[in-house]
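Residue numbers (this note's numbering): 30 to 211.
Right, dumping it as structure tokens:
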């Protein structure tokens, strides 16, 4: 059975705004330029991506987007991270493949107990429509047998990174290993 590293976007992978180009360090990963504002930068992004690749390649982890966002928002961030890595001109430096994305889609008839699952570019899209359940609904959809197949007694093997303290508390209460990033 795989072990999953589940990352939220906000405050974890989407970076921070840097207004002065001189504040961008050699170890940072520039995700995008924002016109008239500055740059969206993943601080120490080079080291983060290198460690993620180590965890994927050497320890068998799989990367999951743990974000209650649309498919378009998550696909855009993944593309931006991949492009940012390509632009670093470091041999074999790439953002790891995303195994799954939890997709909040209020236009479909699929709740977190029975999510819609499809493949897109080697990524499993796990869509559900119950936004009121927040990240608990997301984790329920991702853990479904047709998605990542995470039984309740195996949740502690999977690690969740989020910037919301209540999300972290709820994930721990559900049996996951969880860390707050902020």
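Cβ coordinates follow ideal geometry from the N, Cα and C atoms, glycine included. No experiment lies behind these values; they were computed from the predicted model shown.
Roughly how many angstroms lie between the CA atoms of residue i and residue j, to the nearest whole one?
i           : j           : result
residue 125 : residue 186 : 20 Å
residue 31  : residue 149 : 19 Å
residue 42  : residue 210 : 10 Å
residue 134 : residue 92  : 21 Å
residue 178 : residue 164 : 17 Å
residue 96  : residue 130 : 8 Å
residue 72  : residue 151 : 28 Å
residue 140 : residue 83  : 35 Å
residue 146 : residue 100 : 12 Å
residue 87  : residue 36  : 19 Å
residue 206 : residue 107 : 24 Å
residue 204 : residue 81  : 23 Å
I'd like the span of the beta strand (DSSP E) that includes residue i, first residue to last.
i           : result
residue 164 : Not the beta strand (DSSP E): residue 164 falls in the alpha helix (DSSP H), residues 163 to 172.
residue 155 : 152 to 157
residue 184 : Here residue 184 belongs to no beta strand (DSSP E), and DSSP marks it neither H nor E.
Among the candidates the options, whose CA atom is the shortest distance from the CA of residue i?
i           : options               : result
residue 137 : 48, 119, 156 and 190  : 156
residue 162 : 199, 79, 35 and 192   : 199
residue 58  : 131, 47 and 146       : 47
residue 117 : 203, 79 and 66        : 79
residue 112 : 70, 143 and 83        : 70
residue 77  : 181, 44 and 153       : 44
residue 193 : 34, 183, 53 and 208   : 208
residue 115 : 190, 64 and 74        : 74
residue 50  : 38, 39, 63 and 40     : 63
residue 183 : 172, 196, 142 and 121 : 172
Any heavy atom of the ligand MN closer than 6 Å to the Cβ of residue i?
i          : result
residue 50 : Absence of the ligand MN from the depicted structure is noted, as is the absence of any ligand whatsoever, leaving it without description.
Starting from residue i, follow the alpha helix (DSSP H) in both directions and report where the run begins and ends.
i           : result
residue 88  : 74 to 88
residue 208 : Where residue 208 is concerned, there is no enclosing alpha helix (DSSP H), although the beta strand (DSSP E) it sits in stretches over 206 to 209.
residue 110 : 100 to 115
Per DSSP, which residues does residue i bridge with? Please list them.
i          : result
residue 36 : 94 and 190
*Which parts of the region 35 to 67 are runs of the beta strand (DSSP E), unbroken and 3 residues or longer, counting only runs that do not cross its ends?*
45 to 47 and 58 to 63
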